[in-house]
Amino acid sequence: TPDTTGLYAHAGFPVGASININLLKNNATYSALVAKEFNSVTPENVMKMDAIQPTQGNFTFGEADYLVSFAKQHGMRVHGHALVWYQAVPGWVTNFTGDSSAWENMLKTHIQTEVAHFKGKVVSWDVVNEAIDEDGTLRKNLWLQHLGPDYIARSFQYAHQADPDALLFYNDYGHEYSSVKRAAIITLVTGMKNRGIPVDGFGMQMHTNTSVPDNAISAAITAVANTGLKVHISELDISLNPNNDQNMTYTAALASVQSQKYQALVKAYNALPAAQKFGITTWDVSDADSWIPPYYHRPDWPLPFDASYKRKAAWQGIVNGLK
Ligand code: G3I
């Protein structure tokens, strides 16, 4: 008999997905699936700076509010993403011509207006996203350029002032394939923690693929968890086509390899102490709405639901990993 319980019901921690607001509003199959399978949501785009403050001082919360009320209606947690990033920055910020104190004020106002708006509704935030470069140095982005290296710590302080109850995460990718980058991320976050900056955990994005060995994934999860802070697998997807094969087709064999990879990852994560398991979030819901095919211009099938919103072998892999 088919399993009629949602994915989250199999887990002792929240299980979620990033949500595409247009599909949530306009595709009833999608919204019903989200409500059934998940108990946590992350906005894919609608809480980013370009969506929230498209022009200076003009805060537009409508689409994010829609997601928040959908989540409330269905008893789901909302994880906010992302307050400070070098992408999804509105044009007025790119062209901003203030001195460093004007930049500081602009950053602080953005963070605090957004966090205050969602206080009590969004329980956790990716405060700073992708601030470390591939070589382990700070990414040379506009925030670093105008504010210096401590913009990261100050962003956490600003968010905490606006909502002292929100859990605050540093979110990044690559822990599973670059030990250099992973070490730099751990040093950054534990360094902040040790000097009293309010940071609660790590978002490990985990945009991975079937060529990454299981032991690389489990070693990354363990290394991050050894800090004692919370760990969110925050943007999980497992590509079948990292080499951009334009002629690849989806087969049962590929589905099975992917299912095994999901299972191994979830098993490694589930072995962490309960208090550190903030949850697992996939990046998008189905192979039809994944960001990967349009972004990389290739066929791919990275998610636990197929393009018809049906459960794939990967779905069962996740459930098996929780046993
Ligand atoms: O909303 C506009 C629309 O008005 C316009 O017509 C259209 C034309 O290109 O663009 C639309 O905006 C796009 C937006 O997604 C909404 O669909 C942007 O161009 C596009 O760049 C944006 O991409 C998102 C990307 O982050 C940049 O913000 C992806 O959907 C989203 O999946 C991706 O997510 C990131 C995480 O935030 C951080 N980690 C990596 C992950 C994948 O790149």
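Numbering (the UniProt record's numbering), first residue to last: 45 to 367.
In this text, a Cβ means the ideal position worked out from N, Cα and C, and glycines have one as well.
Legend entry - contact_flag[the stretch 138-149, the stretch 199-206] where n(CB pairs < 8 Å) is 3 or more: no
Legend entry - Sub-8 Å separation of M347 and T326 beta-carbons: Stepping through the sequence shown from its first residue, residue 347 is reached at position 303. Stepping through the sequence shown from its first residue, residue 326 is reached at position 282. Checking the sequence shown, residue 347 turns out to be Leu, not Met. Closer than 8 Å, so yes.
Inset, instruction - Work out the CA separation of T231 and P193 for me, nearest whole Å. - result: As a first step, residue 193 is located in the sequence shown; it is residue number 149 there, counting from the start. As a first step, residue 231 is located in the sequence shown; it is residue number 187 there, counting from the start. Taking the straight line from one Cα to the other gives about 14 Å.
Legend entry - Same chain, Cβ closer than 7 Å to V256, neighbours up to 5 away in sequence not counted: Looking up residue 256 in the sequence shown gives position 212. Contacts found: E220, Y221.
Legend entry - Residue environment, E158, which counts as buried when at least 16 other CB atoms sit within 10 Å: As a first step, residue 158 must be located in the sequence shown, where it is residue number 114. Looking at its Cβ environment, which holds 16 or more other Cβ atoms inside 10 Å, E158 is buried.
Legend entry - Own chain, CB closer than 8 Å to A308, minus 5 neighbours either side, in chain order: The residue labelled residue 308 in the question sits at position 264 within the sequence shown. So the list reads D258, I261, S262, G365, once near-sequence residues are dropped.
Inset, instruction - For the beta strand (DSSP E) holding M248, just list the boundary residues, first then last. - result: The count along the sequence shown starts at 1 and reaches residue 248 at position 204. Unbroken beta strand (DSSP E) run through M248: 245-248.
Inset, instruction - Count the other C-beta atoms from every protein chain shown that fall within 10 angstroms of the C-beta of Y340, then say buried if there are 16 or more, exposed otherwise. - result: Here residue 340 is taken as the residue at index 296 of the sequence shown, counted from 1. With fewer than 16 other Cβ atoms within 10 Å, it is exposed.
Inset, instruction - Enumerate in chain order the residues of its own chain whose CB-to-CB distance from L77 is below 6 Å, with the five nearest sequence positions on each side excluded. - result: Within the sequence shown, numbered from 1, the residue matching residue 77 stands at position 33. Contacts found: Y353.
Inset, instruction - Please confirm whether any heavy atom of the ligand G3I lies closer than 7 Å to the CB of H123. - result: What you label residue 123 is simply residue 79 of the sequence shown in a count that begins at 1. No, since every heavy atom of the ligand G3I falls outside the 7 Å radius drawn around the Cβ of H123.
Legend entry - Residues near A351 by beta carbon distance below 7 Å, same chain, minus five either side: Indexing the sequence shown from 1 puts residue 351 at position 307. Closer than 7 Å at Cβ, skipping near neighbours: S330, D331, A332.
Legend entry - First through last residue of the alpha helix (DSSP H) which encompasses A160: Taking the first residue of the sequence shown as 1, we reach residue 160 at position 116. Counting along the chain, the alpha helix (DSSP H) containing A160 begins and ends at 144-161.
Inset, instruction - Spatial neighbours of R342 within its chain, please: CB distance less than 6 Å, with the 5 preceding and 5 following residues excluded, ordered by chain position. - result: Counting from 1 along the sequence shown, the entry for residue 342 is found at position 298. Closer than 6 Å at the Cβ level, and outside the excluded window around R342, lie N285, N288.
Inset, instruction - Kindly indicate the opening and closing residues of the beta strand (DSSP E) around E279. - result: In the sequence shown, the residue the question calls residue 279 occupies position 235. Counting along the chain, the beta strand (DSSP E) containing E279 begins and ends at 274-283.
Legend entry - Segment contact, 8 Å Cβ cut-off, at least three pairs: the stretch 309-324 with the stretch 62-77: no
Legend entry - Range of the contiguous alpha helix (DSSP H) that encloses A296: Here residue 296 refers to the residue found at position 252 when the sequence shown is read from its first residue. Its alpha helix (DSSP H) spans residues 296-314.
Inset, instruction - Using 10 angstroms around the beta-carbon of A297, count the other beta-carbons present and answer buried if the total reaches 16, otherwise exposed. - result: Residue 297 sits at position 253 when you count from the first residue of the sequence shown. Label assigned to A297: exposed.
Legend entry - Rounded C-alpha distance that separates D244 from H125: Along the sequence shown, read from residue 1 onward, the residue named residue 244 stands at position 200. Along the sequence shown, read from residue 1 onward, the residue named residue 125 stands at position 81. Each residue's alpha carbon lies about 15 Å from the other.
Inset, instruction - Sort V363, V85, F105, Q100 by Cα distance to Q117 and report the nearest one. - result: Working through the sequence shown from its first residue, we reach residue 117 at position 73. Comparing Cα positions, the closest option is V85.
Inset, instruction - Report yes if the CB atom of residue 20 is closer than 8 Å to the CB atom of R121, and no otherwise. - result: The displayed coordinates of the chain run from 45 to 367. Any statement about residue 20 would go beyond what the structure contains.
Legend entry - Inter-residue spacing [alpha-carbon to alpha-carbon] between G235 and A315: Taking the sequence shown and counting its residues from 1, one reaches residue 235 at position 191. Taking the sequence shown and counting its residues from 1, one reaches residue 315 at position 271. One C-alpha to the other measures close to 26 Å.
Inset, instruction - Tell me whether N173 counts as near the ligand G3I, meaning its Cβ is closer than 7 Å to at least one heavy atom of that ligand. - result: Here the question's residue 173 lines up with position 129 in the sequence shown. At least one heavy atom of the ligand G3I is nearer than 7 Å to the Cβ of N173, so yes.
Legend entry - Buried or exposed (CB count within 10 angstroms, at least 16 for buried), K184: Mapped onto the sequence shown, residue 184 falls at position 140. Its Cβ having fewer than 16 others within 10 Å, K184 is exposed.
Inset, instruction - Could you pull the start and end residues of the beta strand (DSSP E) that T323 belongs to? - result: In the sequence shown, the residue the question calls residue 323 occupies position 279. With the sequence shown as reference, residue 323 is identified as Gly, and Thr is not the correct amino acid for it. Residues 321-326.
Legend entry - Residues that DSSP places opposite P87 in a beta bridge: Against the sequence shown, residue 87 aligns to sequence position 43. For P87, which the question treats as bridged, DSSP gives the partners I63.
Inset, instruction - In angstroms with no decimal places, state the Cα-to-Cα distance between A264 and M93. - result: Here the question's residue 264 lines up with position 220 in the sequence shown. Here the question's residue 93 lines up with position 49 in the sequence shown. Going from the Cα of A264 to the Cα of M93 covers about 30 Å.
Legend entry - Beta-bridge partners of I176, as assigned by DSSP: Here residue 176 corresponds to residue number 132 of the sequence shown, with the count starting at 1. Answer is L182, bridged to I176.
Inset, instruction - Compare the C-alpha of V128 against each of Q302, S144, V59, D170 and name the closest. - result: Here residue 128 is taken as the residue at index 84 of the sequence shown, counted from 1. Residue D170 is the option with its Cα nearest to V128.
Legend entry - Three-way DSSP call (helix, strand, coil) for V166 in this model: Within the sequence shown, the letter at position 122 stands for residue 166. Reduced to three states, the DSSP call for V166 is coil.
Legend entry - T48, buried or exposed, once every other Cβ within 10 Å from all chains shown has been counted against 16: Numbered from its first residue, the sequence shown carries residue 48 at position 4. When all chains shown are included, T48 counts as exposed.
Inset, instruction - Would you grab the beta carbon distance between F114 and S168 for me? Rounded to a whole angstrom, and I think it's under 8 Å. - result: Along the sequence shown, read from residue 1 onward, the residue named residue 114 stands at position 70. Along the sequence shown, read from residue 1 onward, the residue named residue 168 stands at position 124. Not really, about 17 Å apart at Cβ, beyond 8 Å.
Legend entry - Alpha carbon of G180 to alpha carbon of E174, nearest angstrom: For the purposes of this step, residue 180 is taken as residue 136 along the sequence shown, with counting starting at 1. For the purposes of this step, residue 174 is taken as residue 130 along the sequence shown, with counting starting at 1. Rounded to the nearest angstrom, the two C-alpha atoms are 11 Å apart.
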